[in-house]
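Down below is the structure, laid out as structure tokens.
This is the structure in structure tokens:
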């Protein structure tokens with residue numbers, strides 16, 4: 152059974168940085184694409200960044216140049232480094248494992264004060 156646990160969220164001032172982590176249980180991690188998604192109040196969940204098992208990445212236009220996704224297969228962990236945060240980045244951030252089905256973590260709140 153796949154379990155994902157996110158951490159690293161919190162309150163930060165505009166212009167600041169946060170690093171999110173997501174630890175995955177199960178060996179499937181090493182062969183799966185992973186993604187970070189976010190959901191702001193009243194809005195649909197949206198893709199922020201995605202990384203393939205081989206390390207290829209793609210980003211939503213609204214985070215290009217500010218966020219970076221990475222993974223450490225030895226630690227079954229995917230990261231999201233977030234820089235130059237602004238109030239529009241406030242949301243619950245979810246880690247997702249993208250396989251035959253999508254598995255979700257419980258989410259971590261990121262709040263950016265302006």
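In our numbering, the protein residues as written are 152 to 265.
By construction, the Cβ of each residue, glycine as well, lies at the ideal position given by its N, Cα and C atoms.
Exercise for the section: Name the two residues that bound the continuous beta strand (DSSP E) containing residue 232. Expected result: 228-233
Problem - Where the beta strand (DSSP E) containing residue 223 begins and where it ends - result: 218-223
Handout entry: Contact under 8 angstroms by Cβ, residue 262 with residue 171
Key = no
Exercise for the section: Under 8 angstroms by Cβ, that's how I've got residue 169 and residue 236 pegged, so tell me the actual separation to the nearest angstrom. Expected result: 7 angstroms
Exercise for the section: Compare the beta carbon distance of residue 199 and residue 187 with 8 angstroms and say whether it is the shorter of the two. Expected result: yes
Handout entry: Residues of its chain near residue 180, where Cβ-Cβ distance is below 6 angstroms and the 5 sequence neighbours each way are ignored
Key = 227
Handout entry: Whole-angstrom distance between residue 231 and residue 216, CA atom to CA atom
Key = 13 angstroms
Practice task
Determine the contact status of residue 238 and residue 190, defining contact as a CB-CB distance below 8 angstroms.
Solution key: no
Exercise for the section: Report buried or exposed for residue 213, applying the criterion of at least 16 other Cβ atoms within 10 angstroms of its Cβ. Expected result: exposed
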